Amino acid sequence: MSGQVLDLTRSPHQAAFELLPWLVNGTLDDVERVQVEQHLQTCAACRRERDWLTQLAGACASGEIVVDADRALARFVERLRPDEAPGSVREGGARAKPSGLLGWLLGPRAGWLKFAAAMQLGVIVALGWALLVREPAYRTLGAVPASERANGNVIVVFDPATPEGEVRRILRDAGARVVDGPTATRGYVLDVAGTPQIRAIALRRLRAEPAVTLAEPLTSERTP
Amino acid sequence: MSRDLSTRTEFSSTSPPGAAGEVELLARIARGDRSAFERLYRVYLPRLTRFLQQVTRQPQAIEEVINDTMLVVWHKASTYNGVSKVSTWIFAIAYRKGLKLLSRFDDPVAGEEDGTLSTDDLPEGAVMQRQLREALSAAMTQVSPEQRAVIELTYYHGCAYREIAEIMGCPVDTVKTRMFHARRRLRQLLSERREDLP
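Chains as they are written, first to last, in the numbering used here: chain D, 6 to 229; chain U, 93 to 290.
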């Protein structure tokens with residue numbers, strides 16, 4: 006049984022007509038070439054098309070490209086590897102594949118690639134460090150310096166679905182202002198000015214709000 | 093007429109590596125051999141330049157696309173599995189990069205025509221060939237990038253249609269259909285410019 010798949014959707018003329026460009030460029034396999042050439046013997050339209058395609062091929066094949074490879078290669082290397090010394094990559098020799106980023110960095114790849122990756126890693130670490138040492142936007146209460154915590158005396162957690170405007174209203178009604186947060190548990194540190202009694206009233210108001218899921222004092226003051 | 097994509101080169105200072113040589117080059121690149129990469133780069137630079145110029149018609153961005161392509165070659169050489177020719181593998185990468193480039197532009201830039209040179213000293217056949225070439229260059233701007241890719245891969249790079257299907261990531265019937273429409277359109281456009289076409 007032949008491995009050829011007969012295409013019943015195409016007539017012999019249509020099949021030959023479609024293959025003419027590759028008859029002209031000489032890449033048909035032997036079976037296809039023989040079929041197309043046999044068809045050409047009886048089909049004037051395909052012969053005219055072949056002649057036209059031969060002209061087209063001649064026009065397409067002309068126009069050699071001249072490029073400055075040295076310059077292009079230099080720019081390519083320069084773009085990625087500004088300071089790698091030439092010949093820093095050893096040639097030949099099978100090597101075990103490195104595993105993981107560190108393995109890759111220490112592995113057999115070209116120095117300029119490793120340099121680029123190391124630079125990226127360095128930038129990431131530096132940015133990460135910068136984020137750590139500057140005041141974090143999100144942190145747990147335990148991470149808040151004592152000097153800052155001194156300004157806050159109530160911790161409150163809002164329902165996540167609470168609109169911002171509603172949050173502002175609740176805070177206004179309680180006479181509180183946000184001094185820190187949100188914390189890792191979505192809590193906000195509030196400062197409620199005034200006497201312990203005033204703070205106790207503020208806590209009761211906060212706890213009465215459906216949008217407030219938690220309201221607790223941060224000091225040792227006893228709340229009713 | 094046919095020219096093997098894997099052996100074609102115009103400027104390499106050394107002999108072309110050939111299909112088997114390119115496989116060996118790629119294996120060396122996978123091991124981090126930079127000189128092998130430079131060799132392959134030099135071999136493919138003119139081929140990819142021509143291919144991408146024809147397909148994208150964005151000459152100002154060709155080098156960027158080529159470098160993106162060759163960067164993939166450098167990074168992914170170890171993933172080449174030998175099923176297709178090295179040239180098919182590289183051209184497939186370049187084709188995808190070229191299409192990605194085109195997606196950034198709304199209007200294609202027509203290719204430059206060298207119609208300012210005199211044809212007075214050329215023999216009649218050469219003049220006709222030159223006129224056809226110039227007409228073809230203009231006509232190629234009127235067909236789609238996909239159709240240009242099929243024409244270019246067939247007639248300049250000498251690819252079989254199955255190889256073109258691999259490069260373009262489409263069925264062989266799609267390649268035939270694109271070629272069918274491209275040649276019909278080009279014939280129409282060229283006939284409008286030259287009454288003496290057969």
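Glycine included, C-beta positions come from ideal geometry on N, C-alpha and C. This one's a predicted model, so the numbers in the text were calculated from it and none came from an experiment.
Residue state for F197 of chain U is assigned as coil, using DSSP reduced to three classes.
In the three-state scheme derived from DSSP, where H, G and I count as helix and E and B as strand, T190 of chain D is classed as coil. One Cα belongs to R123 of chain U, the other to N30 of chain D, and the distance between them is close to 36 Å.
At least 9 Å separates the beta-carbon of G157 of chain D from that of V217 of chain D. By alpha-carbon distance to T269 of chain U, the top candidate from U:F197, U:E238, U:T180 is U:E238. With contacts defined by Cβ atoms closer than 9 Å, L228 of chain U and L61 of chain D form a contacting pair. Under the criterion of beta carbons closer than 8 Å, G190 of chain U and L144 of chain U qualify as touching, at roughly 5 Å. One thing to note: S179 of chain U has its Cβ within 9 Å of the Cβ of R139 of chain U. With the criterion set as a beta carbon lying under 7 Å from some beta carbon of chain U, the stretch 163 to 183 of chain D has no members that meet it. Secondary structure at V72 of chain D: coil, using DSSP grouped into helix, strand and coil. Between C51 of chain D and I243 of chain U, the CB-CB gap reaches or exceeds 9 Å. Restricting attention to D:E54, D:A179, D:G186, D:T190, the CA atom closest to the CA of G199 of chain D is found in D:A179. Pairing L33 of chain D with L58 of chain D gives a Cβ-Cβ distance that is not under 9 Å. Its Cα nearest to that of L219 of chain D, the residue D:V161 stands out among D:P168, D:E169, D:V161, D:I175.
With a threshold of 9 Å between beta carbons, A241 of chain U makes no contact with chain D. Around R142 of chain U, the beta-carbon contacts reaching into chain D at under 7 Å are I70. R279 of chain U is not a Cβ neighbour of V235 of chain U, given a cutoff of 9 Å. Rounded to whole angstroms, the gap between the alpha carbons of K168 of chain U and T161 of chain U is 10 Å. When the Cα atoms are used, D125 of chain U and V82 of chain D turn out to be separated by approximately 14 Å. Counting along the chain, A181 of chain D sits inside the beta strand (DSSP E) bounded by residues 181 to 185. When beta bridges are read from the DSSP output, V82 of chain D appears opposite no residue. Just measuring C-alpha positions, the residue of U:V164, U:R134, U:T171, U:V267 sitting nearest I70 of chain D is U:R134. Residue contact with chain U for V194 of chain D: absent (no Cβ-Cβ distance below 9 Å to any residue of chain U). The three-state reading of DSSP puts P222 of chain D in strand, counting E and B together.
The closest CA to that of E156 of chain U, considering only D:R80, D:G63, D:D35, D:D75, is found on D:R80. The DSSP-derived three-state label of V157 of chain U is helix. With 16 or more neighbouring CB atoms inside 10 Å of its own CB, E255 of chain U falls in the buried class. Excluding sequence positions up to five before and after P263 of chain U, its CB lies within less than 8 Å of the CB of A257, all in the same chain and listed in chain order.
Nearest CB-CB separation between Y253 of chain U and chain D: below the 9 Å threshold. Under the DSSP definition of a beta bridge, D196 of chain D partners with D:R182.
Of the candidates U:L224, U:L117, U:A184, the residue whose Cα lies closest to the Cα of I158 of chain U is U:A184. Counting C-beta atoms within 10 angstroms of its own C-beta, V197 of chain D has 16 or more neighbours from the protein chains shown and is therefore classed as buried. D56 of chain D and Q146 of chain U have their C-alpha atoms spaced approximately 23 Å apart. Distance from L208 of chain D to V159 of chain D at the Cβ level is roughly 7 Å; contact confirmed, criterion being Cβ atoms closer than 8 Å. The three-state secondary structure of V162 of chain D, taken from DSSP, is strand. Neighbours of F272 of chain U in chain D, taken as residues at a C-beta separation under 7 Å, are given in chain order as E23.
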